[in-house]
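Peer 1: In our numbering, the protein residues as written are 76 to 714.
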């Protein structure tokens, strides 16, 4: 029935045929089988290449098919969207509503994530330049789904932010009696959910907010601050320094004003007749009482000048006035730096050990400070105090350990507990093992195992009177190696490198005798670690192998060919230290039993010819030694 219309040479006739077919599908999609749906989708995909007058009806038919089936045939959603990206000019106003609705319906297909960053790029192209509020509501909903359903943004995170942030802040006034019911608040909330939806937008969002806060429009300022609040609630510890760097730019005038007031009033405090000393002192004391930081700024400017004035005056009346002003400043600074309850009961304050207050302040500093050296030092000090607490006085982990973003504090605390064999160390290290499977925090935690197993330069060492038990590394490895292997086996492919990193740090810190004992169980993982693209993992694994290769256990001989293949591949690594360590391992393997390594001799010699021309002298030196020993294998009077 449709054949003459669908195959007509006239575009408008074909358009009417496709329109009729799409209308029929809208009415009877429930009666179609999966194979019929697959054929229709393939037909519509082909029609996307047709004349532009046909495209709206093609999109109408695709929308009917997608919305009518909860689960499309395998591969249909991906192929349909690829065709849309390649063959359709989405910015045409007639196409946008259909395309955005297709995006929305397609999210229910689990295979859509297979498109990866291509899907994000296609959506960015589709949304670019959109102005219709109806389409923007759909577009913001799609962007929100991309963020919260775990789609890979890839290298298009900034592009996705730019294509949505150009509407911030929303300036939209709906027409009277708008039948669509789209309000400014709807657009504001939808856009805010996108901009503050992922920490990856933080570096782009904060400069934008700072720029919009300079606006003369009050609603724009309010929207900017509310968006900032939403972003701060989501942000992780790895982005805190970024926030603190930008947030100080929001209020630059406050600090400038404070310094200006302090300098101007200080001039009156130094006048010979002291006529304006009290008005100036009252003003500065009021500025001191504003905040803890303000009191320190004002006191640092004013008090040295007052002390100098006191020493230079000879009249008792003048000295008395200066002392009274100083007393007022000291009283104000003291009150600002103390809590409201301090001073109510001196006896109680003396009885309560101040170490509790110190630990609370260190804990707060380690999780709220954006300055990396500061919060790292605070976490170290906190862990040092916990390590030295008498038995029974540290009975539970602090609540901050339940939040993954407080990972640096958890690592330092775990080390403090581990050194003294504290029972709570097991619970805390289990939390760290669980974080290895986190895509964002896993690499940081994997590197943190180096902290757990290495000697501390300060705080947590015997020189600082820390409680360090003997053989704590061996005990930790024995208790947790099985958990690490189990976690690696069940981990997602993109998080396995974090487990390998942790394993390498554990093994490299063990004595050689323990490494030889544990090697058979760990050899398969160490070989896999050599294939890991993370250069830290490669280097840690090589450092584990170098001492073991001097006296190879039987388990290593059995995996000789696999080990040689991985080491030869690493001789071409872009990192010089990895190339050197892999060549040292190959050099050590030339001393293996001759009958085991002779079959590999020709292959190794060919591969070692390339490092002889390495651009680094140190690499060439090690390569010459290794190749010379391999060359002498099997020759009369060789080694």
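For every residue, glycine included, the Cβ atom is placed at its ideal position computed from N, Cα and C.
#1: Under a three-way DSSP split, which group does residue 200 fall into?
#2: For residue 275, which residues in the same chain have their Cβ closer than 6 angstroms to its Cβ, ignoring the five residues on either side in sequence?
#3: Can you give me the start and stop residues for the alpha helix (DSSP H) that residue 691 sits inside?
#4: Does the Cβ of residue 205 have 16 or more other Cβ atoms within 10 Å, making it buried, or fewer, making it exposed?
#5: If you drop the 5 nearest sequence neighbours on each side, which residues of the same chain put their C-beta closer than 8 angstroms to that of residue 456?
#6: Reducing DSSP to helix, strand and coil, say where residue 352 ends up.
#7: Could you check what DSSP says for residue 648 in three-state terms: helix, strand or coil?
#8: Please state whether the Cβ-Cβ distance between residue 508 and residue 558 is less than 8 angstroms.
#9: Look at the alpha carbon of residue 305 and the alpha carbon of residue 529, and state the distance between them as a whole number of angstroms.
#10: Leaving out the 5 sequence neighbours to the left and right, which residues in its chain are closer than 6 angstroms to residue 650 when beta-carbon positions are compared?
#11: At which residue ranges does the region 252–300 contain complete alpha helix (DSSP H) runs of 4 or more residues, listed in the order of the chain?
#12: Just list the alpha helix (DSSP H) runs in the region 468–524, keeping only unbroken ones of 4 residues or longer that don't cross its boundaries, in chain order.
#13: Distance, Cα to Cα, residue 259 vs residue 118?
#14: Flag this pair as yes or no: are the beta carbons of residue 510 and residue 520 separated by less than 8 angstroms?
#15: Which of the three DSSP states, helix, strand or coil, is assigned to residue 667?
#16: Go ahead and label residue 454 buried or exposed: buried means 16 or more other beta carbons lie within 10 angstroms of its beta carbon, across all protein chains shown.
#17: Looking at residue 269 and residue 218, is the spacing between their C-beta atoms short of 8 angstroms?
#18: With a floor of 4 residues, list each alpha helix (DSSP H) that falls wholly inside the region 586–647, ordered by position along the chain.
#19: Let me know the secondary structure DSSP gives residue 205 once reduced to three states.
#20: Quick check for students: name the residue ranges of the beta strand (DSSP E) that lie wholly in the region 423–456, counting only runs of 3 or more.
#21: So what's residue 342 in DSSP terms, helix, strand or just coil?
#22: Just curious, the alpha helix (DSSP H) that residue 564 is in, first and last residue?
#23: Tell me which residue opens and which closes the alpha helix (DSSP H) that residue 248 is part of.
#24: Which whole-angstrom value describes the C-beta separation of residue 715 and residue 600, a residue pair presumed to lie in contact below a C-beta threshold of 8 angstroms?
#25: State buried or exposed for residue 114, treating a residue as buried only when at least 16 other CB atoms are found within 10 Å of its CB.
#26: Whole-angstrom Cβ separation of residue 90 and residue 116, contact assumed at under 8 angstroms?
#27: Rounded to a whole number of angstroms, what is the C-alpha to C-alpha distance between residue 676 and residue 706?
#28: Can residue 376 and residue 337 be called in contact, C-beta distance under 8 angstroms?
#29: State buried or exposed for residue 545, treating a residue as buried only when at least 16 other CB atoms are found within 10 Å of its CB.
#30: For residue 390, which three-state DSSP category applies?
#31: Could you check what DSSP says for residue 130 in three-state terms: helix, strand or coil?
#32: Which of the three DSSP states is assigned to residue 108 in this structure?
#33: Please list, in chain order, all residues of the same chain as residue 518 whose beta carbon is under 6 angstroms from its beta carbon, the five residues on each side excluded.
#34: Return the residue from the list 404, 430 and 475 that minimises the CA-CA distance to residue 460.
#35: Looking only at C-alpha atoms, which of 224, 256, 476 and 463 sits nearest to residue 537?
#36: Just to confirm my understanding: we take residue 148, look at its own chain, exclude 5 residues before and 5 after, and list those with CB closer than 7 angstroms. What are they?
Peer 2: According to the data block:
#1: Residue 200 sits at position 125 when you count from the first residue of the chain shown. Residue state, collapsed to three classes: helix.
#2: Along the chain shown, one-based indexing puts residue 275 at 200. 232.
#3: Stepping through the chain shown from its first residue, residue 691 is reached at position 616. Segment: none, residue 691 is in no alpha helix (DSSP H) and carries neither H nor E.
#4: Locating residue 205 in the chain shown gives position 130, where the first residue counts as 1. Under this definition residue 205 is a buried residue.
#5: Position 381 of the chain shown, counting from 1, holds the residue named residue 456. Counting only Cβ-Cβ distances below 8 angstroms, and skipping sequence neighbours, we find 437 and 534.
#6: Mapped onto the chain shown, residue 352 falls at position 277. Looking at residue 352 - three-state DSSP - the assignment turns out to be helix.
#7: Taking the first residue of the chain shown as 1, we reach residue 648 at position 573. If DSSP states are grouped into helix, strand and coil, residue 648 belongs with coil.
#8: Taking the first residue of the chain shown as position 1, residue 508 is located at position 433. Taking the first residue of the chain shown as position 1, residue 558 is located at position 483. Yes.
#9: One-based indexing of the chain shown puts residue 305 at position 230. One-based indexing of the chain shown puts residue 529 at position 454. Linking residue 305 to residue 529 through their CA atoms gives a straight-line distance of about 39 angstroms.
#10: Counting from one through the chain shown, the residue named residue 650 turns up at place 575. Excluding positions up to five away in sequence, the list reads 610.
#11: 259–270 and 277–287
#12: 482–494 and 499–510
#13: As a first step, residue 259 must be located in the chain shown, where it is residue number 184. As a first step, residue 118 must be located in the chain shown, where it is residue number 43. Roughly 40 angstroms between the two C-alpha positions.
#14: For this step, residue 510 is matched to residue 435 along the chain shown. For this step, residue 520 is matched to residue 445 along the chain shown. Yes, the pair counts as a contact, with Cβ atoms nearer than the cut-off.
#15: The sequence position of residue 667 within the chain shown is 592, counting from 1. Of the three classes helix, strand and coil, the one that applies to residue 667 here is coil, per DSSP.
#16: Translated into the one-based positions of the chain shown, residue 454 becomes position 379. Buried: at least 16 other Cβ atoms inside 10 Å.
#17: Here the question's residue 218 lines up with position 143 in the chain shown. Here the question's residue 269 lines up with position 194 in the chain shown. Taking 8 angstroms as the Cβ cut-off, residue 218 and residue 269 qualify as a contacting pair.
#18: Counting only runs of 4 or more residues that sit fully inside the region 586–647, the alpha helix (DSSP H) segments are 587–605, 610–624, 629–633 and 635–645, in chain order.
#19: Mapped onto the chain shown, residue 205 falls at position 130. Correct three-state label for residue 205: coil.
#20: none
#21: Here residue 342 refers to the residue found at position 267 when the chain shown is read from its first residue. The answer is helix: DSSP assigns residue 342 an H, G or I state.
#22: By one-based count along the chain shown, residue 564 stands at place 489. Residue 564 -> alpha helix (DSSP H) spans 547–565.
#23: Looking up residue 248 in the chain shown gives position 173. No alpha helix (DSSP H) holds residue 248; DSSP gives it neither H nor E.
#24: The shown model of the chain, from 76 to 714, leaves out residue 715, and the question about it has no answer.
#25: For this step, residue 114 is matched to residue 39 along the chain shown. Under this definition residue 114 is an exposed residue.
#26: One-based indexing of the chain shown puts residue 90 at position 15. One-based indexing of the chain shown puts residue 116 at position 41. Wrong, their Cβ atoms sit about 19 angstroms apart, outside the cutoff.
#27: Numbered from its first residue, the chain shown carries residue 676 at position 601. Numbered from its first residue, the chain shown carries residue 706 at position 631. About 8 angstroms.
#28: Residue mapping note: residue 376 aligns to position 301 of the chain shown, counting from 1. Residue mapping note: residue 337 aligns to position 262 of the chain shown, counting from 1. Taking 8 angstroms as the Cβ cut-off, residue 376 and residue 337 qualify as a contacting pair.
#29: The residue you call residue 545 lines up with position 470 of the chain shown. The residue is exposed, with fewer than 16 neighbouring Cβ atoms inside 10 Å.
#30: On the chain shown, position 315 is the one that residue 390 refers to. The answer is coil: DSSP assigns residue 390 none of H, G, I, E or B.
#31: On the chain shown, residue 130 is found 55 positions in, with the first residue counted as 1. In the structure shown, residue 130 sits in a helix (DSSP, three-state: H, G or I).
#32: Along the chain shown, read from residue 1 onward, the residue named residue 108 stands at position 33. Coil at residue 108, not helix or strand.
#33: Residue numbering aside, residue 518 sits at position 443 when the chain shown is read from its first letter. Close CB contacts of residue 518 within its chain, under the 6 angstroms cut and outside five residues either way in sequence, are with 573 (chain order).
#34: For the purposes of this step, residue 460 is taken as residue 385 along the chain shown, with counting starting at 1. Per the Cα distances, 430.
#35: Taking the first residue of the chain shown as 1, we reach residue 537 at position 462. Of the listed residues, the one whose Cα sits closest to residue 537 is 463.
#36: The residue labelled residue 148 in the question sits at position 73 within the chain shown. Hits under 7 angstroms: 109, 112 and 113.
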